[in-house]
Amino acid sequence: MGCRRRRRCCRRKCPPPCGPCGGGGTVCPPAGKKIVDPPPPEKVKPPQTPIFVVCCCPPGYGSSGQTGYVIPGPSGYVIPGQTGYVIPGQSGYVIPGQSGNIISGQSGNITQQISSLTFLISTVGVWSSILEEVAGATFVTGLGTNQISWGQGNYPGGQSSYYFEGISSGSISLNGSYFVLGTFVHHNYPVYGYSIRSATLQLTVIINGVEVGFSFQFDHNETPNEGVNGTCPQTPGFGPPCPDTVSINNNRSQETVIIDGKQYVLCLAGFSQNNQVGGQFVTLENQANAVQLLGQFVEVK
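Counting from 97, one number per residue, gives the positions in the sequence shown under my numbering.
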């Protein structure tokens, strides 16, 4: 197609950006004749529809756009977070039983976080609550301390009692080995009236300076001193006066502790005496019997 025909098409139908013959130039491709420039843009009749741009733009000619550029954004910055801290859990509480007996309530789940490779501990224990055979008839003293006493003795100060002495320092590992939590002493003296059925020890374990509370219940069996027909049915192998027994009621804590990113519970491994470990020990009448209370941290799976 000659230039004249392309010019006529451009003048009639192309939008001003296309140019006289396409490509956005001011002249048509050489055709042997001088091309007269189109009228000024303000006198060119605007296109009725953008589709006419195709009419005057032959292959090989096109309008080139402007070079793109990038607007850089502001430099990023970091807002440091606040340093983490540990919130200790609340202590357990006491729920009175329906019969008036004092029953230790279950402690809420307490989660502490400790991170270290060496674990140093110390312990403190107080007797927080008891369960009586008959409410108000055991003459209990010492609740809230590390020694509780009960019963009517046959002489002043002759009550039976539980005493707990924690450790001032020690070390633990998490390989399943046992460690000493403290010394448990049972003073067993003849008492009249009613006794206790159980007592709850509120145990505080300080691990690398972090205090963690645990609660454990111990059952007490106040046997009849005279026995039956010269025997002691509740403590076989012993004769009158029949000894009393102390046993662990719950050996797994409801509270948990996080050590090195793993969650653990504290388990009572038992009472240790004479290189033997068991969940119960026997105290002869008119005797004080001391055992070591052993613990073990067990990972929660």
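Glycine included, C-beta positions come from ideal geometry on N, C-alpha and C.
Being a predicted model, the structure only gives us computed values, none of them experimental.
Practice item. Could you pull out every residue in the same chain whose Cβ sits closer than 7 angstroms to the Cβ of Val387, ignoring the five residues on either side in sequence? Key: Phe280, Phe367, Ser368, Gln369, Phe377
**Study point:** Boundaries of the beta strand (DSSP E) in which Thr341 is found, first to last residue
**Key:** 340-344
Practice item. Count the other C-beta atoms from every protein chain shown that fall within 10 angstroms of the C-beta of Pro335, then say buried if there are 16 or more, exposed otherwise. Key: For the sequence presented, residue 335 should be read as Gly rather than Pro. It counts as exposed.
Exercise for review: Just list the beta strand (DSSP E) runs in the region 257-328, keeping only unbroken ones of 3 residues or longer that don't cross its boundaries, in chain order.
Suggested key: 266-268, 275-284, 292-303, 306-317
Review point. Just curious, the beta strand (DSSP E) that Phe235 is in, first and last residue?
Key: Neither: Phe235 is in no beta strand (DSSP E) and is coded neither H nor E.
Review point. Per DSSP, what kind of secondary structure is Gly357 in: helix, strand or coil?
Key: coil
Exercise for review: Kindly list the residues whose CB is nearer than 6 angstroms to the CB of Gln392, restricted to its own chain and excluding five residues on each side of it in sequence; keep chain order.
Suggested key: Tyr274, Cys363, Ala365
Exercise for review: Determine the direct distance from the alpha carbon of Asn304 to that of Tyr285, and round the result to whole angstroms.
Suggested key: 39 angstroms
Review point. What first and last residue would you give for the beta strand (DSSP E) that runs through Gly391?
Key: 383-395
Review point. Who are the near neighbours of Ala295 in its chain, counting only those whose CB is closer than 7 angstroms to its CB and skipping five residues on each side?
Key: Trp223, Ile226, Ile244, Tyr258, Phe314, His316
Practice item. Can you tell me which of the three DSSP states Gly374 falls into? Key: strand
Review point. With DSSP run on the structure shown, which of helix, strand or coil describes Leu216?
Key: strand
Practice item. Please say whether Thr234 and Tyr290 have beta carbons closer to each other than 9 angstroms? Key: yes
Exercise for review: For Gly229, name the three-state secondary structure that DSSP assigns.
Suggested key: The sequence given here has Glu at residue 229, not Gly. It is coil, neither helix nor strand.
Check your understanding: For Gln298, does the count of other Cβ atoms within 10 angstroms reach 16, so buried, or fall short, so exposed?
Key -> buried
Review point. DSSP puts Thr379 in a beta bridge; with which residues?
Key: Asp340
Review point. Per DSSP, which one or two residues make a beta bridge with Gly221?
Key: Leu299
**Study point:** Buried/exposed call for Gln255, threshold 16 Cβ in 10 Å
**Key:** buried
Practice item. Could you say which of Asn385, Asn371, Val361 lies nearest to Val394 if we only look at CA atoms? Key: Val361
**Study point:** Residue span of the beta strand (DSSP E) that contains Gln243, given as start and end
**Key:** 243-246
Practice item. Determine the direct distance from the alpha carbon of Gly375 to that of Tyr288, and round the result to whole angstroms. Key: 27 angstroms
Check your understanding: Can you give the Cα-Cα distance for Asn346 and Leu390, rounded to whole angstroms?
Key -> 14 angstroms
Exercise for review: Note down the Cα distance separating Asn385 from Gly249, rounded to an integer number of angstroms.
Suggested key: 18 angstroms
Check your understanding: Looking only at its own chain, which residues have a Cβ that is under 8 angstroms from the Cβ of Ser267, when we skip the five neighbours before and after it?
Key -> Thr214, Phe215, Leu216, Ile217, Phe275
Exercise for review: Would you mind sorting Pro320 into buried or exposed? The rule is 16 or more other CB atoms within 10 Å of its CB.
Suggested key: exposed
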